[in-house]
Amino acid sequence: MTPGPAVAAASTDAMSLVAFTAVATITLLLCIMTGPDRDSLEEFYTGFGHLGPIRNGLAIAGDYISAATVLGTGGVIALLGYDGVALALSTALSLMLLMFLLAEPLRNAGRFTMGDTLARRMPGRSVRMAACAATIAALMPIMLVQLAGAGDLLAFLLGFTNETFKTACVIALGGLMISYAAIGGMKGTAVIQIFKIVMLLGSGAVIAVLVLRRFDWDPGTLLTAAARGSGAGNAYLTSGLQFAHSPTPRLDMITSELTVVVGGAALPHVTMRMYTARHAREVRRSMTWAVSAVGLFALVISVVAFGATAMLGAPAIAQADRQGNTAYLLGARAVFGATTSTGESLLFTAVTTALFLTLLASVAGMILACANSLAHDVIAYSKRELTDRKELSIARMSALGVGAFAITLACAFQHRNLQPLVMLSICLGASAIAPALVYSLFWRRYTRAGLLWTLLGGTVACAVLMTGTNLVSGSPTSAFPGMDFNWFPFTTTGVVSIPLGFLFGWLGTVLTDRRRADTQRQQYEAVEAWILAGSPTAPDASPRR
34 MTPGPAVAAA STDAMSLVAF TAVATITLLL CIMTGPDRDS LEEFYTGFGH
84 LGPIRNGLAI AGDYISAATV LGTGGVIALL GYDGVALALS TALSLMLLMF
134 LLAEPLRNAG RFTMGDTLAR RMPGRSVRMA ACAATIAALM PIMLVQLAGA
184 GDLLAFLLGF TNETFKTACV IALGGLMISY AAIGGMKGTA VIQIFKIVML
234 LGSGAVIAVL VLRRFDWDPG TLLTAAARGS GAGNAYLTSG LQFAHSPTPR
284 LDMITSELTV VVGGAALPHV TMRMYTARHA REVRRSMTWA VSAVGLFALV
334 ISVVAFGATA MLGAPAIAQA DRQGNTAYLL GARAVFGATT STGESLLFTA
384 VTTALFLTLL ASVAGMILAC ANSLAHDVIA YSKRELTDRK ELSIARMSAL
434 GVGAFAITLA CAFQHRNLQP LVMLSICLGA SAIAPALVYS LFWRRYTRAG
484 LLWTLLGGTV ACAVLMTGTN LVSGSPTSAF PGMDFNWFPF TTTGVVSIPL
534 GFLFGWLGTV LTDRRRADTQ RQQYEAVEAW ILAGSPTAPD ASPRR
C-alpha cells in the first residue's frame, strides 16, 4: 500500500533531518582528522600542497559553486529561461578566464593570501591592509546572504515555519561553519568541498536524467513545456526577458554577464586555492578539472530548472519564493510525481543533503579566506617576532571573530531581502580585485598608490552605484519593492565600475612621484620572471613578514 502524501512528506522530513545530522557529524570529524598539526602554519594555509590536481580541481569548483549560486541560478533559469542559462554559462567562462589569465601568475606570486601576491612586488603594511579590507568587503556580503538564507532553507526542507527556529538554525549552522574553517584549515575545508561537489553533481545528474526521461529524452519537448509553463511564451527561450524593463536591455544583459565573468573567479576564496598547488603545471591541471565540474553543474542546473517550470509552472515557483530560489528543490521533488517510493525519498534526501553541505562548505571557505588574510596580512605582519604556532592560533581566533560577526549581521537582517548583496560581492570582485590583480601581475609601471586607488576607488564606485540599481529598488523583486530610487539604469554596476577600477589604478600610477615610481618598477622587474614564468633564478621577494 502506497503511503499518503502527508505520511510520505513526514517520512522525507525525518530522513532529511537524520541525513543532515549525519553529514554534519561526519564532515566535522573529517576536518578534525585532516586538520593541521598544532604548529604547522604552512599546512593550515595551503595544506602543504598535498592535494593532487583532481582533488584540488574539485575543491576549487566546490569553493566557486556556492549555495547562492545553486539556488539563485536555478531560480533565474526557472523564471527567466534563456537569460538564466547565459548566467550559468558565464560562471564556467569565469573560471576559464581565471585558468588562462591569472591562475599560474597567482600561484607563482602568492604564498598564503592575496596580500602575499600583491606584496611580492610592493612590500608594505598599507598594501597588506588594503588586501585584507578588500577580501572582507568582497566576501562578507555573500556570506550574509547564505547565512541569512540558512534558516529559511532548513525550515523549508524540514517543514518548519517558526522564526525562532530559523534564527537558531543560522546560529547553529554558522557555528559549524566556523568549526570547519578554524579546525580544518585549507586541507580540511578542501575535503569538505570535494565531498560537497561530488554529492551535488552526482545527485543533480540523477535528477536531470529523471527530468529528461519524464519528457521522453527530448530536450525540445522539455523546452517547449517550460516555455508554456513560464507564461512568457517564446520570449522565455530568447534573450532579454530578465532585462525587459531596462531602458537598454541588450547593454544591460552584456554588462551583467561581463560582471559575472570578470568578478566571479576573482573573489579571494577562489583565488586562494591557487596557492595550494605545488607548481604551475599542477595549477593548469587543477583548473581543467574545476572548469569541467562547473560546466557539468551549468548543464545539470539548467535541465532541473527547466523541468521545474515545465512540471509546476512559473507562478507556483514564484509563489514559493519570488526570486525562485527553491526552484531546484521543487524540480527535484516534482519529478517523482504525486507518490514517492522509498528509493525516491532517498534520492530527494541526497539532493537536499548535497544542498545543505553546499551551504556549509561555501561559507566555511569564505570565513577561512577572510580569517587567513586578517591573521597573516594584518596581525602577524605588524608583529615582527611571532612564532608559527602563535600565528596559527591568531588565524583560528580570526575565523571565530569573522564568523561571529557574520552570524550577528545575518540574524539581524535575515528577514530582509539580501539578494542584491550577492551581486555586490561579484561587482567588487570585478571592479576592485580583478583590476588590482591584473595590474599587479602584468603592468611594470604599477605603483603602490595605483593599487590603493584601484581597491578603494573600485569599492566605493560599486557601493555608490549599487544603491541606484533595480536590485535595490524599483522592481517587485528588489530589496525595497515599495520604494523607487532607481537612478542607475542597469542591473549591475559593471558597465561603469569596472572601467573606473582600471582608471583609478592608472591615475594613481601616473600621479606617483617619478623617483618612487622608478623604484617600484625596479622592484617588479626583479621578480617579473618568477611571477610570469616561475623562473627558479628569480629572487624571492615575498618574505613572510
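Sequential numbering from 34 applies to the sequence shown in my numbering.
Here a beta-carbon is modelled for each residue, glycine too, at the ideal position from N, C-alpha and C.
A quick note: this is a predicted structure, and the numbers were derived from the prediction, not measured.
{"Query": "Does the separation of the CB atoms of Ser530 and Ala494 fall below 8 Å?", "Result": "yes"}
{"Query": "In angstroms, rounded to a whole number, what distance separates the CA positions of Trp563 and Ser473?", "Result": "13 Å"}
{"Query": "I need the boundaries of the alpha helix (DSSP H) containing Asn89, first residue and last residue.", "Result": "86-97"}
{"Query": "Which one of Thr502, Trp539, Ser511 has the shortest CA to CA distance from Phe521?", "Result": "Thr502"}
{"Query": "Skipping 5 residues on each side, what residues in its chain have a beta carbon closer than 7 Å to that of Phe339?", "Result": "Ile110, Leu255, Leu256, Ala259"}
{"Query": "How big is the Cα-Cα spacing for Ala215 and Ile65?", "Result": "10 Å"}
{"Query": "Judging by CA-CA distance, which residue of Leu190, Ser406, Met173 is the nearest neighbour of Ile440?", "Result": "Met173"}
{"Query": "Spell out a yes or no on whether the segment 95-109 and the segment 347-366 are touching, meaning 3 or more CB-CB pairs, one atom from each, closer than 8 Å.", "Result": "yes"}
{"Query": "Going by CA-CA distance only, name the one from Ser212, Ala125, Ala188 that's closest to Cys202.", "Result": "Ala188"}
{"Query": "Identify the continuous alpha helix (DSSP H) that holds Ser511 and give its terminal residues.", "Result": "Per DSSP, Ser511 belongs to no alpha helix (DSSP H) and is neither H nor E."}
{"Query": "Any idea what DSSP makes of Ser279, helix, strand or coil?", "Result": "coil"}
{"Query": "Between which two residues does the alpha helix (DSSP H) containing Asp410 stretch?", "Result": "Premise fails: Asp410 is in no alpha helix (DSSP H) and is neither H nor E."}
{"Query": "To the nearest angstrom, how far is it from the Cα of Gly85 to the Cα of His312?", "Result": "11 Å"}
{"Query": "Do you know offhand how far His302's Cα is from Ser406's?", "Result": "10 Å"}
{"Query": "So, with DSSP's three-state summary, where would you put Met34?", "Result": "Only weak support is given to the placement of Met34: the predicted model assigns it a pLDDT of 41, under 50, and the value that follows is read from those uncertain coordinates. Met34 falls in the coil class under three-state DSSP."}
{"Query": "Is the CB-CB distance between Ile204 and Cys444 below 8 Å?", "Result": "yes"}
{"Query": "In terms of alpha-carbon separation, which member of Thr321, Met155, Ala57 lies closest to Thr552?", "Result": "Met155"}
{"Query": "In chain order, what residues of the same chain lie with their CB nearer than 6 Å to the CB of Gly237, ignoring the 5 residues before and after it?", "Result": "Val333"}
{"Query": "In terms of residue numbering, what span does the alpha helix (DSSP H) encompassing Asp421 cover?", "Result": "421-446"}
{"Query": "Since Met320 contacts Ile87 with CB under 8 Å, what's their CB separation in whole angstroms?", "Result": "With a Cβ gap of about 12 Å, Met320 and Ile87 do not count as contacting."}
{"Query": "Of all the options Val497, Phe133, Ile459, which has the alpha carbon lying nearest to the alpha carbon of Ala171?", "Result": "Ile459"}
{"Query": "Using three-state DSSP, classify Ser73 as helix, strand or coil.", "Result": "coil"}
{"Query": "Since Met162 is in the alpha helix (DSSP H), which residue starts that stretch and which ends it?", "Result": "158-191"}
{"Query": "Does DSSP classify Met456 as helix, strand or coil?", "Result": "helix"}
{"Query": "Could you tell me the distance, in whole angstroms, from the CA atom of Ser462 to the CA atom of Ala469?", "Result": "The question names Ser, yet the displayed sequence has Gly at residue 462. For Gly462 and Ala469, the distance between alpha carbons rounds to 10 Å."}
{"Query": "Would Ala136 and Arg317 be called neighbours here (beta carbons separated by less than 8 Å)?", "Result": "yes"}
{"Query": "Helix, strand or coil: how does DSSP classify Ser289 here?", "Result": "helix"}
{"Query": "Closer than 8 Å by C-beta to Phe22: which residues in its own chain qualify, once you throw out the five before and the five after it? Chain order, please.", "Result": "Outside the modelled stretch of the chain, which goes from 34 to 578, sits residue 22, for which no answer is possible."}
{"Query": "Please name the residue, chosen from Ala142, Trp250, Met516, that lies closest to Tyr557 on a Cα-to-Cα basis.", "Result": "Ala142"}
{"Query": "Kindly indicate which residue of Ala437, Ile400, Leu419, Phe513 has the alpha-carbon position closest to the one of Asp96.", "Result": "Ile400"}
{"Query": "What residues in its chain sit with their C-beta under 6 Å from that of Phe389, if we drop five residues either side in the sequence?", "Result": "Phe53"}
{"Query": "Using a Cβ-Cβ cut-off of 7 Å (strictly less than) and excluding sequence neighbours within five positions of Asp285, which residues of its own chain qualify?", "Result": "Phe276, Ser279, Phe523, Thr524"}
{"Query": "Assuming Ala580 and Tyr213 are in contact, meaning their beta carbons sit under 8 Å apart, how far apart are those beta carbons, in whole angstroms?", "Result": "Outside the shown range of the chain (34 to 578) lies residue 580, about which nothing can therefore be said."}
{"Query": "Should Met145 and Thr79 be called a contact, given that it needs their Cβ atoms to be closer than 8 Å?", "Result": "With the sequence shown as reference, residue 145 is identified as Phe, and Met is not the correct amino acid for it. Yes."}
{"Query": "On a Cα-Cα basis, can you pick out the residue from Met132, Asp517, Gly541 that is closest to Trp322?", "Result": "Met132"}
{"Query": "Where Leu363 and Ile350 are concerned, what is the direct C-alpha to C-alpha distance, given to the nearest angstrom?", "Result": "8 Å"}
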